[in-house]
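Counting in my numbering, the sequence shown runs from 331 upward without gaps.
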Amino acid sequence: MLKNTFLFIFAILVSGIFAEDLTSSFVPREHRGFYNSVGFGIGYNKISAKSTWEDLDNTRIDKKDIESFDFWGITTPSFDFKFGTAIANLIAFHTTFNFAIYSGVMDYEEVNYDREIAQNENGNPLYDKQGDKVYAEDWRAYDSEGFSGDAVNLRTFVGFGTTIYPFRNPNSAMNGFFIGGSFGYVIYACFVTDDYSAGNIASFGRSFIAEIGKEWWVSNHLSIGIGFSYNHSSTNFDEAKGTETVYTLSFRLTRG
């Protein structure tokens, strides 16, 4: 149901591109003025994150738990939207928005650790000259649990970027080649669809996208093309820290 809604919204936006093409009076087959690009394709998503909980206010034994989340999944289609302004048939400045639902597998593990605090002759915690606790041993793993289960990741990116068309000669075979980049924020929520709610994780953080591809003019103001993008994110929410990566191969419709 959710994917059908996304497809409906995407169809409306594509229709808008064609409508603009029929009424536009801009310079033909050049990137100038209003810029609008819509893409959809197939993507691969990977999440690697850890969450650490510590209990260090003890007199005999300190404790900590480390949860590890490793997800991979694919989606088809993914959706990407860019709106902005193109200048001099060379560069476009735009907002960038994309979203997708990835289906895949979550590998989850939780490891419990403890560490014994050294005691003085009175049976109290021993401290060094700096006032730090002295430990009788290093962290020791005493228990663990984990599973691998089906999972779904809902994620979206919002940011600002540029797309550069370095070959402006319309007779060049490289005309329509582009490189682009966007910086912004990503937010995702990954849910395990099996009966293991412990593997659920949500996070957000800074993100950047690098993209390369080629477009071909099909009318005075409309071009179609393909693009490959790499999206890397550093996420940090609550105690969960990690990285999130997306590789996407997309088909593009661009006006302006």
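Ideal placement from N, C-alpha and C gives every residue a C-beta, glycine not left out.
Below 6 Å CB to CB, which residues in the same chain sit around Thr493 once its five sequence neighbours on both sides are set aside?
For Thr493, where only same-chain residues beyond five positions count, the Cβ hits under 6 Å are Ala422, Phe508, Gly510.
Identify, in the order they occur along the chain, each residue of the same chain with its Cβ nearer than 6 Å to the Cβ of Asp400, setting aside the five sequence neighbours on each side.
Counting only Cβ-Cβ distances below 6 Å, and skipping sequence neighbours, we find Ser378, Asp437.
Start-end ranges of the beta strand (DSSP E) lying completely within the segment 359–437, minimum 3 residues:
Within the segment 359–437, the complete beta strand (DSSP E) runs of at least 3 residues are 363–385, 391–417.
Would Ile542 pass as a contact of Phe558 if the rule is Cβ separation under 8 Å?
The answer is yes: Cβ separation under 8 Å.
Out of Lys544, Gly363, Pro358, which has the shortest C-alpha to C-alpha gap to Ala416?
Of Lys544, Gly363, Pro358, the residue nearest in Cα terms is Gly363.
Ala430 burial status per 10 Å Cβ neighbour count (16 or more: buried)
Burial state of Ala430 is buried, judged by a 10 Å Cβ sphere holding 16 or more other Cβ atoms.
Return the bridge partner residues of Lys463 from the DSSP annotation.
In DSSP, Lys463 forms a bridge with Tyr457.
Candidates Asn501, Glu545, Glu475: which alpha carbon is nearest Gly529's?
The shortest Cα separation from Gly529 among Asn501, Glu545, Glu475 belongs to Glu475.
Using the Cα positions of Ser502 and Asn419, report the straight-line distance between them to the nearest angstrom.
Cα to Cα, the separation comes out at about 14 Å.
Complete runs of the beta strand (DSSP E) confined to the segment 498–555 [at least 3 residues]:
Secondary structure remark: continuous beta strand (DSSP E) runs of at least 3 residues inside the segment 498–555, in chain order: 507–522, 531–547.
Beta-carbon gap between Tyr443 and Lys393 smaller than 8 Å:
Yes.
For Lys459, is the classification buried or exposed, using 16 other Cβ atoms within 10 angstroms of its Cβ as the cut-off for buried?
Exposed, since its Cβ has fewer than 16 Cβ neighbours within 10 Å.
Name the one or two DSSP bridge partners that Gly586 has.
When beta bridges are read from the DSSP output, Gly586 appears opposite no residue.
Local conformation of Arg470 per DSSP, three classes:
DSSP places Arg470 in strand when its eight states are reduced to three.
Report, in whole angstroms, the separation of the C-beta atoms of Ser367 and Arg498, which I expect to be a contact under 8 Å.
Between Ser367 and Arg498 the beta-carbon gap is near 18 Å, outside 8 Å, which marks them as no contact.
Based on Cα-Cα distance, which residue from Tyr432, Thr573, Gly555 lies nearest to Phe407?
At residue 407 the sequence reads Pro, which differs from the Phe that was named. Distances from the alpha-carbon of Pro407 to those of Tyr432, Thr573, Gly555 put Tyr432 closest.
Pairwise C-alpha distance: Glu574 and Gly586:
Glu574 has its alpha-carbon roughly 32 Å from the corresponding atom of Gly586.
Taking 8 Å as the threshold (C-beta atoms), are Ile447 and Tyr465 in contact?
Taking the C-beta atoms as reference points, Ile447 is found nearer than 8 Å to Tyr465.
Residue from Ser553, Ala540, Phe534 whose Cα sits closest to the Cα of Thr486
Closest by alpha carbon: Phe534.
For a test of the three-state rule: what should DSSP assign to Ala448, helix, strand or coil?
It is coil, neither helix nor strand.
State buried or exposed for Ser527, treating a residue as buried only when at least 16 other CB atoms are found within 10 Å of its CB.
Answer is exposed; the Cβ neighbour count stays below 16.
So for Thr575, helix, strand or coil by DSSP?
Three-state DSSP puts Thr575 in a strand.
According to the Cβ coordinates, are Asp410 and Asn428 closer than 8 Å?
With respect to Asn428, Asp410 sits close: the two C-beta atoms are nearer than 8 Å.
Going by beta-carbon coordinates alone, are Asn375 and Asn483 separated by less than 8 Å?
It is a contact, given that the beta carbons lie within the stated cut-off.
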